[in-house]
Amino acid sequence: MDRNSNAYTFLFAIIMVAVVASALAFAATNLQPAQAKNVKEEKMQNILTTVGIETTRDSAEALFNEYIVEQVALNNQGEERTDVDAFTVDLKKELKRPVEEQAFPLYVADVEGAKYYIVPLRGKGLWDAIWGYVALKDDVNTIKGAVFDHKGETPGLGAEITQGWFKKRFDDEKIMDESGNFIGVSVAKGYQGGDNKDDNAVDAIAGATITGDGVTDMISERLKNYLPYFKQKTNVKVAMQ
Amino acid sequence: MAHNKESKKQGLILFLSDTDEREGLLGKKNRKLLSDPLTDNNPITVQVLGICSALAITVQLKPAIVMSIAVMAVMAFSNMIISALRNLIPSRIRIIVQLVVVAALVILVDQVLRAYAYDVSKELSVFVGLIITNCIVMGRLEAFALGHGVYKSFLDGIGNAAGYAFILILVAFFRELLGAGKLLGYEVIPQSFYEFGYENNGLMLLSPMALITVGIIIWVQRSRNRTLIEQN
């Protein structure tokens, strides 16, 4: 067959694509279980980090089972939903549904007698999705800890939200104002508050304004759906707007 | 039968060396394929290719080493595959074929890292995917694999990837040591140094210092080997 003919070129291309596609499909299918395990353990690790438990990948599952005493999926009225498994809820898919149909996973941790509520977050950064977890103390107002992660933020700028020094800024921040109205925590550009923990704001990262705004929106958008539940479950006064 | 065996053996030798002269597996010419890219024909310092990833992932030694291994695997196999197919590839779509082969191998590497080296794969994130656009890989396919036998192409791929790896690891060594006082994540600068007032140089952690480090390596190399200096 003439190697320069159109027919040969097409034939070659078709065979090549078929071979490459099946090789990749085979590899992806076979490696999937190991990848899924990594993702699951990372999720457990992230959840544990928000309540101050540092763990390695290997011990994540054992510690998770030890400290996380409750996993529930809620609807936006704060009622528990029995038809979904909280841990496997995919927020990316949930967010595409109307808010009444969404499931809101909540993890309750018990660390040496102290109770924490851990809420998974998901929102938009500058380039792509950002997500994370935030743990509230049992006054459902003070943040115990937070972790953030991202898909494609700029390294050195927006991607810094994953760094420890940024996450630390959220420790002990309040999500409500003094009269109990829900505000969230805003990542404020040109923040002058220093270590002030009562102003519902933390200092932003220079050069990452849009990612910072994404974090602000993500926290307030997600947390507000848990307020009905917190109101029922705790004796703390939560003003509803 | 004997004749058949003889011709098979001959075929193997041709397959391996594919030139008119026959030489051992690591004859002088083949050794040169491996050693040249390390020094006189280094892809980074002499050909100035593949700089982008050298800037991006040399903050710490570990990702630099993993990236080097990934590039080595991709280059060795893509060179071999393209070389094996070189008489079948229609010349009109050869660049596309090269890209598909490289892209497939890169995806494979990425999937394997995600399964067995998850933390590193997160750190390397987009950069593993960007091996596809690494000029060294495509450059060697186009310049070498299309015209040489499988074994030589394999050596060429390993050699060039090793040249790339050598510079990457060298840069990462200095950046991690001077920038963070660590090597592979372990503290190596004793605490007493810090007590005397030594401080880590945070500038080394920023990308521009990778460029400057590469520049210093190029300078040192050319001052030792004057044949590399361009005359104009």
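Going down the list, the sequences are from chains U and F.
With the first letter of the first sequence counted as 1, position 188 gets the number 188 in the numbering used here; the numbers rise by one all the way through.
With the first letter of the second sequence counted as 1, position 144 gets the number 1144 in the numbering used here; the numbers rise by one all the way through.
Glycine is no exception: its CB is placed at the ideal position from the N, C-alpha and C atoms.
This one's a predicted model, so the numbers in the text were calculated from it and none came from an experiment.
* To do: Just the chain U side, please: which residues come within less than 8 Å of F:Val1171 by C-beta, in chain order?
  => Translated into the one-based positions of the second sequence, residue 1171 of chain F becomes position 171. Here the premise fails: no neighbours, minimum Cβ distance about 17 Å.
* Using a Cβ cut-off of 8 Å, which residues of the segment 1074–1090 of chain F contact any Cβ in chain U, in chain order? -> Leu1088, Ile1089, Pro1090
* To do: With 8 Å as the limit, tell me which residues of the segment 3–31 of chain U have their beta carbon closer than that to any beta carbon of chain B; keep them in chain order.
  => In the structure shown, chain B does not exist; the protein chains are U and F.
* Alpha-carbon to alpha-carbon, F:Val1048 and U:Ile210 -> On the first sequence, residue 210 of chain U is found 210 positions in, with the first residue counted as 1. On the second sequence, residue 1048 of chain F is found 48 positions in, with the first residue counted as 1. Each residue's alpha carbon lies about 35 Å from the other.
* Inter-stretch contact (C-beta, 8 Å, three-pair minimum) for the segment 1198–1213 of chain F and the segment 1094–1104 of chain F -> no
* **Beta-carbon proximity list for F:Leu1014, same chain, < 6 Å, skipping 5 on both sides** => Numbered from 1 along the second sequence, position 14 holds the residue referred to as residue 1014 of chain F. Only weak support is given to the placement of F:Leu1014: the predicted model assigns it a pLDDT of 47, under 50, and the value that follows is read from those uncertain coordinates. So the list is empty, once near-sequence residues are dropped.
* To do: Note the first and the last residue of the continuous beta strand (DSSP E) segment covering U:Pro105.
  => Residue 105 of chain U sits at position 105 when you count from the first residue of the first sequence. DSSP places U:Pro105 in the uninterrupted beta strand (DSSP E) bounded by 104–111.
* Cutoff 6 Å; reference F:Leu1026; Cβ partners in own chain excluding five residues on either side -> Locating residue 1026 of chain F in the second sequence gives position 26, where the first residue counts as 1. Excluding positions up to five away in sequence, the list is empty.
* Quick one: does F:Leu1177 have its CB under 8 Å from some CB of chain U? -> To locate residue 1177 of chain F, count along the second sequence from 1; it is residue 177. So no, F:Leu1177 is outside the interface.
* Asked: Got a sec: is the Cβ-Cβ distance from F:Thr1019 to anything in chain U below 8 Å?
  -> On the second sequence, position 19 is the one that residue 1019 of chain F refers to. Because F:Thr1019 carries a pLDDT of 49, less than 50, the predicted location of this residue cannot be relied on, and no value is offered for it.
* Asked: At which residue ranges does the segment 99–170 of chain U contain complete beta strand (DSSP E) runs of 3 or more residues, listed in the order of the chain?
  -> 104–111, 114–124, 129–137, 143–150
* Chain-ordered neighbours of F:Gln1108 on chain U, where CB pairs are closer than 8 Å -> The sequence position of residue 1108 of chain F within the second sequence is 108, counting from 1. Sequence check: residue 1108 of chain F is Leu here, not Gln. Going along chain U in sequence order, the residues near F:Leu1108 (Cβ under 8 Å) are Ala23, Leu24, Ala27.
* **Cβ-based burial, U:Met320 [other Cβ within 10 Å; buried from 16]** => In this structure chain U extends from 1 to 241, so residue 320 of chain U is not present and cannot be described.
* the segment 1142–1156 of chain F / the segment 1068–1087 of chain F touching (three or more Cβ pairs under 8 Å) -> yes
* **Minimum C-alpha distance to F:Asp1036 - residue among F:Gly1163, F:Glu1176, F:Leu1178** => For the purposes of this step, residue 1036 of chain F is taken as the residue at position 36 of the second sequence. For F:Asp1036, the nearest C-alpha among the options comes from F:Gly1163.
* Asked: For F:Leu1088, does the three-state DSSP call read helix, strand or coil?
  -> As a first step, residue 1088 of chain F must be located in the second sequence, where it is residue number 88. Three-state DSSP puts F:Leu1088 in coil, outside helix and strand.
* **Nearest residue (CA-CA) to U:Asp85, options U:Arg3, U:Gly78, U:Leu24, U:Gln71** => Along the first sequence, read from residue 1 onward, the residue named residue 85 of chain U stands at position 85. Checked all of U:Arg3, U:Gly78, U:Leu24, U:Gln71; the closest Cα to U:Asp85 is U:Gln71.
* Asked: Do U:Phe104 and U:Ala73 have their CB atoms nearer than 8 Å?
  -> As a first step, residue 104 of chain U must be located in the first sequence, where it is residue number 104. As a first step, residue 73 of chain U must be located in the first sequence, where it is residue number 73. Yes, Cβ-Cβ distance for U:Phe104 and U:Ala73 is below 8 Å.
* Asked: Helix, strand or coil: how does DSSP classify F:Tyr1186 here?
  -> Taking the second sequence and counting its residues from 1, the one referred to as residue 1186 of chain F is at position 186. Residue state, collapsed to three classes: strand.
* Looking at the unbroken beta strand (DSSP E) that takes in F:Gln1221, where does it start and where does it end? -> Walking along the second sequence from the start, residue 1221 of chain F turns up at place 221. Counting along the chain, F:Gln1221 falls outside any beta strand (DSSP E), though it belongs to the alpha helix (DSSP H) covering 1207–1224.
* To do: Could you tell me whether the segment 197–210 of chain U touches the segment 43–59 of chain U, using the rule of 3 or more Cβ pairs below 8 Å?
  => no
* Indicate whether the contact test is met: 3 or more Cβ pairs, each with one atom in the segment 181–199 of chain U and one in the segment 95–110 of chain U, closer than 8 Å. => No contact exists between the segment 181–199 of chain U and the segment 95–110 of chain U.
* For U:Glu54, the three-state DSSP class (helix, strand or coil) -> Taking the first residue of the first sequence as 1, we reach residue 54 of chain U at position 54. Note: U:Glu54 maps to coil in three-state DSSP.
* **CA-to-CA distance, F:Pro1063 to F:Leu1206, given in whole angstroms** => The residue given as residue 1206 of chain F occupies position 206 in the second sequence. The residue given as residue 1063 of chain F occupies position 63 in the second sequence. Cα to Cα, F:Leu1206 sits roughly 15 Å from F:Pro1063.
* Asked: Whose C-beta lies closer than 8 Å to the C-beta of U:Gln77 among residues of the same chain, with five residues either side of it excluded?
  -> Position 77 of the first sequence, counted from the first residue, corresponds to residue 77 of chain U. Only Pro228 meet the Cβ criterion.
* **Residue-level contact to chain F via CB, U:Asn38, 8 Å cutoff** => Indexing the first sequence from 1 puts residue 38 of chain U at position 38. Yes, its Cβ sits closer than 8 Å to a Cβ of chain F.
* **Option nearest F:Asn1200 by Cα separation, candidates F:Phe1174, F:Leu1105, F:Ala1115** => In the second sequence, residue 1200 of chain F corresponds to position 200, counting from 1. For F:Asn1200, the nearest C-alpha among the options comes from F:Phe1174.
* Asked: So, helix, strand or coil for U:Val89, using DSSP?
  -> Along the first sequence, read from residue 1 onward, the residue named residue 89 of chain U stands at position 89. The answer is coil: DSSP assigns U:Val89 none of H, G, I, E or B.
* To do: Evaluate the contact criterion for the segment 1177–1193 of chain F versus the segment 1067–1075 of chain F: three or more CB pairs, one atom per stretch, below 8 Å.
  => no
* Interface residues of chain U facing F:Gln1060 [CB-CB closer than 9 Å] -> The count along the second sequence starts at 1 and reaches residue 1060 of chain F at position 60. Ordered by position in chain U, no residue passes the 9 Å Cβ test against F:Gln1060, which lies about 13 Å from the chain.
* Option nearest U:Gly207 by Cα separation, candidates U:Glu160, U:Gly145, U:Lys197, U:Lys37 -> Here the question's residue 207 of chain U lines up with position 207 in the first sequence. Taking only the C-alpha atoms, the option nearest U:Gly207 is U:Glu160.
* To do: Measure the Cβ-Cβ separation of U:Lys137 and U:Tyr116 and say whether it is below 8 Å.
  => Residue numbering aside, residue 137 of chain U sits at position 137 when the first sequence is read from its first letter. Residue numbering aside, residue 116 of chain U sits at position 116 when the first sequence is read from its first letter. Contact flag set, yes.
* Proximal residues to F:Cys1135 (C-beta, below 7 Å), its chain only, five neighbours per side dropped -> The count along the second sequence starts at 1 and reaches residue 1135 of chain F at position 135. So the qualifying residues of the chain are Leu1049, Gly1050.
* **Burial state of F:Ser1053, where buried means 16 or more other Cβ atoms lie within 10 Å** => For the purposes of this step, residue 1053 of chain F is identified with residue 53 of the second sequence, where counting begins at 1. Classification for F:Ser1053: buried.
* Asked: Exposed or buried, what is U:Ile219 when buried is set at 16 or more other beta-carbons lying within 10 Å of its beta-carbon?
  -> As a first step, residue 219 of chain U must be located in the first sequence, where it is residue number 219. That one is buried.
* Asked: Name the DSSP beta bridge partners of U:Ile68, please?
  -> For the purposes of this step, residue 68 of chain U is taken as residue 68 along the first sequence, with counting starting at 1. Answer is U:Ala109, bridged to U:Ile68.
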